[in-house]
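First the structure, in the form of structure tokens, and then the observations on it.
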Amino acid sequence: MAFQSSVISEKYLRSRKIPSTACSGCGLGQNHKLVIQAIDELGLAVNDIVWGTSIGCAGRQTFATWKGDGFAGTHGRAYAIARGLRIAMPLDKKILLTVGDGDAFGIGLMHLIHAARCNTDMTVIVNDNLGYQSTGGQFGYTTPQGAKTDSSPYGMFEHNLMSDGMDVMHILKGAGATFLARHVAMDGVRAVESIKKAIENPGFSLVHMPYPCPTNFGARELGSRVPVNALRYIMERTAPMGQENENTVWATGIWHDTSGSRPEFAEHIWASVNKIRKTGEL
Amino acid sequence: MKRFLETGNFAIAEGAILAGCRFFGGYPITPATEIAEAMSFRLPQVGGVYLQAEDECAAMHLCIGASLGGMKAMTATSGPGYILYADPYGWAIGCEMPMVVLNSGRVGPVSGITGAPGQGEIYMMRYPTQGGNYEAICLAPNSAQEAMAMVVEAFYLSERFRMPVSVLADQLITDGFEDISVPENEEEMKEMGFRTWPRKHCTGPEFYPFTDELDIPPVQMGKGTGGLCSDWTPTVEGYDIEEVENHHQHAYRLIYKVRNHQDLFNHHYEKKYMDDDPDLVVVSFGTPSRVVNTAVEKARSQGLKVGSLRLITLWPFPDEHFTKSTKYLSVELNWDGQLVREIQRATPKGSDVHFMGTCGDLPTISDLIETFEKVINDQPLERKGWVLEAW
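Those protein sequences? They're chains A and B, same order as listed. Using the numbering used here, the letters of the first sequence correspond one by one to residues 1 to 282. Using the numbering used here, the letters of the second sequence correspond one by one to residues 283 to 673.
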């Protein structure tokens, strides 16, 4: 597989928004490219996907990049919008959401859990830049312990969803998600393969994708805005599942896959409604 | 026509279905729960979907999603839920997404008293979200039957204006049992003055024409139109942009599409004994207006020259009823006085504007008549130990 970014970019993305206005050295573009690569390899067309985004670096930079239909919700609410949309739009279309870590694991976590509960057919790509970077760099709920940010000047010491042996994936699995994976921006082909499975799953899929932010995270925690330092920070803390060591924060790979094991939300709702309509009961 | 002895909640649900609503995002809250219950029962019968959300904020976002997909959608709540609509309401205004939102007022602030009527959200209905730069439409019925009619009307207006429209009821309207007539076909709907407007979808490439035009179909997802909509200031194509010029154009549309077409809904009001230049105009809306109307009638029989102005279109505020310099009394279900401020603003200089509040309970006819007399005779208003003459 070769990354034919200019070709697939022309096929799927709007030239007005690509290249994006992301900072130099930002890893978001890599995540974005991996997603587009996966879509292309699945042979999906522009009109097969409705692309939703939200607030922050991940939302703003990816909104309206997709050539087809696109929406951006308010902060943390894209999952609830997508759930309503899934009911109303043709069932053969797919919903793909590119959101940030603050959006998914902070303000939107409850809506995310309920989208997973219903096994709503959507693929959520959580682009995790280790905190709130578009507001200047504050810690989030997956920021590694001890990291210095604008709102953790002594080092992040509040417990979060990735500390003390916790993992946000447990919450989503418990809520009913049918596909969960984690990959960092530098994972290349392995990430593409997981994203393809996520999109193909007729139900709720989430791919957690940490990526380097040299601008704010780099400046505060690493003392430099050199992109390679931010890349290295993530690489040093990443290992494929089964090869973790004491430094590993992000174990990459498919975390949970029960694709197709639960009825999909909208199909289930419509089947139930149609039955009630015809027979007066379930 | 079918007749029922039923609650306002039932009437509201039937009105929504008549208007073509096929999606309801619900969240239980007294005194609007029965609307959600009725919709969960009725919608599947007509091929619609009821979803119960994780909170009111999600409930209205579900409606946004359904409306984006091309369905007519509605949600209903009371004050404590209405505040959680602030987030999606702003989105729906900015992205011009039609839907109907009902608020059944109870006693606040916060949870207050759940099973008693209040009118504490008069300004919140005008400013349902932050940021300004928009006009909001709010209709306020005073009976179960009228609540049904106003829900149908709200759907009509929301489609034509391409925006969320609010209906403000109160606990007595939604919980109270009344004689309700439900039309059974389009002819009967027309006879009852119900107007409907079908959902269409915008094919682009201009999704936000910066004019005050009505009847532009909303952006729709899943139809392959390449439609774009976001919470940011849009270009005409829907791209996000941080330019004051674009914002100015967008704000113009959000404000003036409503201001320039008020003739579509400003006939919703009721006047009684207003033809002979009354010495005192009593202004009210919602359930208290029913007591006010009776009190005004009784006061007339006692020789007091009072008239009643009942507002149904609450927002945009119908300034056209307040051109005369005279005495006004605002009767509201709150103690702080909200509508009265707007009346003070709308009336000409030299007008004498007073306020009479109750909350959780309706004013009595004798209290009202006593207040009419005091205002007419320039005596200070004092009630339950509070000096309200500040108004």
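By construction, the Cβ of each residue, glycine as well, lies at the ideal position given by its N, Cα and C atoms. Quick caveat, the model's predicted, so the values are computed rather than measured.
The stretch 137 to 198 of chain A contains, as complete alpha helix (DSSP H) runs of 4+ residues, the segments 168 to 175 (chain order).
Take Val540 (chain B), set aside five residues on each side of it, and the residues of its chain with a beta-carbon closer than 7 Å to its own are Glu417, Ile419, Phe443 and Pro598, in chain order.
If you check the CB distance, Pro491 (chain B) and Met379 (chain B) do not come in under 8 Å.
Residue pairing by DSSP puts Ala251 (chain A) in a beta bridge opposite A:Ala239. Note that the stretch 321 to 330 of chain B does not touch the stretch 363 to 378 of chain B; fewer than 3 beta-carbon pairs, one per stretch, sit closer than 8 Å. Around the CB of Asn274 (chain A), fewer than 16 other CB atoms lie within 10 Å, so the residue is classed as exposed. For Thr507 (chain B), the closest Cβ of chain A is nearer than 8 Å. DSSP places Glu460 (chain B) in no alpha helix (DSSP H) but in the uninterrupted beta strand (DSSP E) bounded by Phe459 to Val464.
With a minimum length of 4 residues, the unbroken runs of alpha helix (DSSP H) contained wholly in the stretch 595 to 672 of chain B fall at 621 to 628 and 647 to 658. Residue environment for Tyr154 (chain A): exposed (fewer than 16 other C-beta atoms within 10 angstroms of its C-beta). The stretch 286 to 372 of chain B contains, as complete alpha helix (DSSP H) runs of 4+ residues, the segments 290 to 300, 315 to 324, 338 to 350 and 361 to 364 (chain order). In this structure, the CA atom of Glu428 (chain B) is about 55 Å from the CA atom of Glu10 (chain A). Apart from sequence neighbours up to five positions away, no residue of its chain approaches Arg232 (chain A) with a beta-carbon distance below 8 Å. Taking 8 Å as the cut-off between beta carbons, the residues of the stretch 511 to 527 of chain B near chain A are Cys511, Ser512, Asp513, Trp514, Gly520, Tyr521 and Asp522, in sequence order. Rounded to the nearest whole angstrom, the C-alpha separation of Gly352 (chain B) and Met503 (chain B) is 8 Å. Think of a sphere of 7 Å around the beta carbon of Met89 (chain A): the chain B residues whose beta carbon falls inside it are Gly351, Met503 and Gly504, in chain order. The DSSP-derived three-state label of Val50 (chain A) is strand. Residue environment for Thr646 (chain B): exposed (fewer than 16 other C-beta atoms within 10 angstroms of its C-beta). Proximity of the stretch 139 to 153 of chain A to the stretch 73 to 90 of chain A falls short of the contact definition, fewer than three beta-carbon pairs being nearer than 8 Å. The CB of Cys345 (chain B) comes closer than 8 Å to the CB of Gly84 in chain A, given here in chain order. Cβ atoms of His111 (chain A) and Arg77 (chain A) come within 8 Å of each other, at about 6 Å. Under the Cβ criterion of 8 Å, Asn47 (chain A) is counted among the residues facing chain B. Per the Cβ contact rule, the stretch 197 to 213 of chain A is in contact with the stretch 252 to 260 of chain A (3 or more Cβ pairs under 8 Å). Interface criterion not met: the Cβ of Pro410 (chain B) is under 8 Å from no Cβ in chain A.
Within the stretch 368 to 402 of chain B, the residues whose Cβ lies closer than 9 Å to any Cβ of chain A are, in chain order, Asp369, Pro370, Gly372, Trp373 and Cys377. One thing to note: Leu454 (chain B) has its Cβ within 8 Å of the Cβ of Pro399 (chain B). For Leu510 (chain B), the closest alpha carbon among the candidates B:Glu524, B:Glu495 and B:Cys484 is that of B:Cys484. Residue state for Glu552 (chain B) is assigned as strand, using DSSP reduced to three classes. Within chain B, no residue has its beta carbon less than 7 Å from that of His256 (chain A); the closest one is some 22 Å off. At least 8 Å separates the beta-carbon of Val433 (chain B) from that of Ile537 (chain B).
Under the three-state reduction of DSSP, His75 (chain A) is assigned to coil, being neither helix nor strand. Contact residues of the stretch 18 to 38 of chain A toward chain B are absent (C-beta to C-beta distance below 7 Å). Within the stretch 312 to 336 of chain B, Leu325, Pro326, Gln327, Val328, Gly329, Gly330, Val331, Leu333, Ala335 and Glu336 place their CB atoms closer than 8 Å to a CB of chain A, listed in sequence order. Proximity to Ile107 (chain A) across B:Cys339, B:Lys606 and B:Ile317 peaks at B:Cys339, based on C-alpha coordinates. Gly414 (chain B) is outside the set of residues whose beta carbon lies under 8 Å from a beta carbon in chain A. Under DSSP, Arg442 (chain B) takes part in no beta bridge, so it has no partner.
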